[in-house]
Every structure is written in structure tokens, then in C-alpha cells.
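Scroll down for the structure; my scribbles are underneath it.
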Amino acid sequence: MAQSSSPISAVAERYAGSLFELALQANSVAQVEADLTSFEALLEGSASKLVRSASVS
């Protein structure tokens, strides 16, 4: 595995690896890929509407 450039990158790598592992176990890699693609499109279209702080509830 490649070295992470920041602590956030390291966390993202762990989450991505876990998500992929679970998708493999559930035989749903294609569905997870489709969901992430849809989510990416949503982010690109509505980035200004995102909450930037996790402390906002």
C-alpha cells in the first residue's frame, strides 16, 4: 500500500479498503461502484450546498 501524505488520506485509504472488502464479500462491487459514481456526480453538482464541518448538526 502506498504511503499516505496526510492523516486524512490514511483514514480515507482505510475506509476505501474496508468498503471494497465488504463489497467483495457481498458480491456487490458493481453496485457500490455505481453508488459511488452517483455520489460523486451529486457532489460535483452541489458542492456549495455541502456542510463543511462535522460539528454542524
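In the numbering used here, the protein residues as written are -13 to 43.
All C-beta atoms in this analysis are idealised placements derived from N, C-alpha and C, irrespective of residue type, glycine included.
If you're wondering where the values come from, they're calculated on a predicted model, not measured in any experiment.
Sub-8 Å separation of residue i and residue j beta-carbons
i	j	result
residue 18	residue 28	no
Cβ neighbours of residue i in the same chain (closer than 7 Å, five flanking residues each side left out)
i	result
residue 15	9
residue 0	none
Per-residue DSSP class, three states only, for residue i
i	result
residue 34	helix
residue -5	helix
Neighbour flag for residue i against chain B, beta carbons, 8 Å
i	result
residue 17	Here chain B cannot be found, since the structure has a single protein chain.
Distance, residue j Cα to residue i Cα
i	j	result
residue 24	residue 31	11 Å
residue -9	residue 2	16 Å
Please specify which runs of the beta strand (DSSP E), each continuous and at least 3 residues long, are wholly inside the stretch -1 to 32, giving them in chain order.
Fully enclosed beta strand (DSSP E) runs of 3 or longer: not present.
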